[in-house]
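Under numbering that gives the first Met the number 0, the letters of the sequence shown match residues 0 to 263, in that order. This report refers to the structure that appears directly beneath it.
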Amino acid sequence: MPTPIRTLALSPRVTATGHALAAAARRRGLGCETLREWRAPDGPSGIGSLYAGPLFADAVAGGLGLGLLEAPAGWLAELPYELTGRDIEFTTVAEARALRRPAFVKPPNDKSFPARVYPDGSGLPGPDAVDDDAPVLVGDIVAFTAEYRLYLLDGEVVTGSRYAVRGALDVVPLEEDALHGEVLDFAALLFAPGVPPLPSAVVVDVGTVDGRWAVVEANAAWASGHYACDSDAALDVVLRAARPAAEVGARDARFLRPVRHVVQ
């Protein structure tokens with residue numbers, strides 16, 4: 000039975016995805032409210048879900064009583080090589096600063112520093128900008144030929160979009176892409192026995208590298224751009240991924256983003 004959601008909250012940052020999700024929410028009779036301050040509103044708000052970037056979400060989710068689902072920070076590094084096509088290490092930024100080779104380095108579930116190829120660890124932010132124990136993913140450098148965004152609900156792709164070809168933005172609905180069937184077949188492997196689990200509502204990016212399929216990364220649905228995905232289906236995933244904490248079941252409780260307190 001669908002969870003009753005009264006109002007979808009949006010961050011002050013205006014985005015195309017925020018507009019699309021708001022329109023989808025209104026079509027089904029849900030409220031929609033743009034929060035103007037970096038704190039939860041005083042008193043009862045009726046807010047039951049959220050679409051926002053990680054930093055804003057951290058500032059308001061606790062006060063709103065929302066539970067935010069996300070993939071475990073080390074999920075990508077725990078996948079078998081057959082699903083990633085590259086070696087990926089889950090470590091700390093302090094360890095990554097010691098790298099003496101080029102690598103792709105990114106924060107797993109935040110944007111505390113740019114995710115990109117670093118010639119070596121000396122280019123990573125210092126301890127004055129990012130705590131030494133902050134988690135990072137360090138991966139081999141690969142070039143994806145085509146990349147796709149998939150919204151997953153209970154292990155099924157409910158909507159998807161191609162978003163890049165050879166590193167350049169190239170957006171088309173998944174069902175209009177020639178590799179539509181291959182994308183879905185590969186996505187099914189994410190839920191095969193022995194593969195590290197994901198939340199019931201999540202976004203996963205996949206792509207092709209040297210003619211084979213590979214996972215790019217996992218993203219929180221409540222903070223992901225939808226590209227050419229169906230906005231109504233994407234909203235279904237967002238409403239599950241960001242909902243009242245009291246309504247998060249036992250299966251998803253382990254995927255709750257830790258409550259953080261952000262001072263602005």
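Cβ coordinates follow ideal geometry from the N, Cα and C atoms, glycine included.
Cβ-Cβ distance between residue i and residue j below 8 Å
i	j	result
V237	A252	no
A163	E181	no
F185	V208	no
A70	A217	yes
L188	L82	yes
E32	A51	no
L68	P107	no
R165	G84	no
A249	A200	no
D132	T91	yes
F190	G154	yes
Y226	V170	yes
R242	S44	no
G120	L98	yes
Euclidean distance between Cα positions of residue i and residue j
i	j	result
L20	V116	32 Å
L234	L65	16 Å
T2	A102	Since pLDDT at T2 reaches only 46, below the 50 mark, its modelled position is unreliable, and no value is offered.
A39	F55	10 Å
H18	R25	11 Å
L183	V156	7 Å
L173	V104	28 Å
E175	C228	11 Å
T14	A23	14 Å
P196	A72	12 Å
L29	S111	32 Å
T6	L149	24 Å
D86	T16	32 Å
P192	W74	15 Å
L34	V258	19 Å
V215	L123	21 Å
T144	A114	18 Å
P134	G42	35 Å
V203	R27	26 Å
E246	L78	29 Å
DSSP state of residue i mapped onto helix, strand, coil
i	result
T16	helix
P172	strand
F103	strand
M0	The pLDDT assigned to M0 is 40, lower than 50, so where the model puts this residue is not dependable; a value taken from the coordinates is nonetheless given after this. Looking at M0 - three-state DSSP - the assignment turns out to be coil, as it is neither helix nor strand.
G120	helix
E69	coil
T83	helix
F89	strand
P198	coil
S230	helix
E36	coil
L238	helix
A56	helix
Range covered by the beta strand (DSSP E) that runs through residue i
i	result
F112	Premise fails: F112 is in no beta strand (DSSP E) and is neither H nor E.
F185	No beta strand (DSSP E) contains F185, which is instead part of the alpha helix (DSSP H) from 179-187.
E32	30-33
V141	First-last for V141: undefined, no H or E at that position.
G47	46-50
Beta bridge counterpart(s) of residue i as assigned by DSSP
i	result
P243	L65
W212	T207
R148	S160, D204
L282	Residue 282 is absent from the model: the chain starts at 0 and stops at 263.
P134	T91
A217	V203
Range of the contiguous alpha helix (DSSP H) that encloses residue i
i	result
R250	249-252
A8	Looking at the DSSP string, A8 is not in any alpha helix (DSSP H); the run it does join, the beta strand (DSSP E), is 6-9.
L75	74-77
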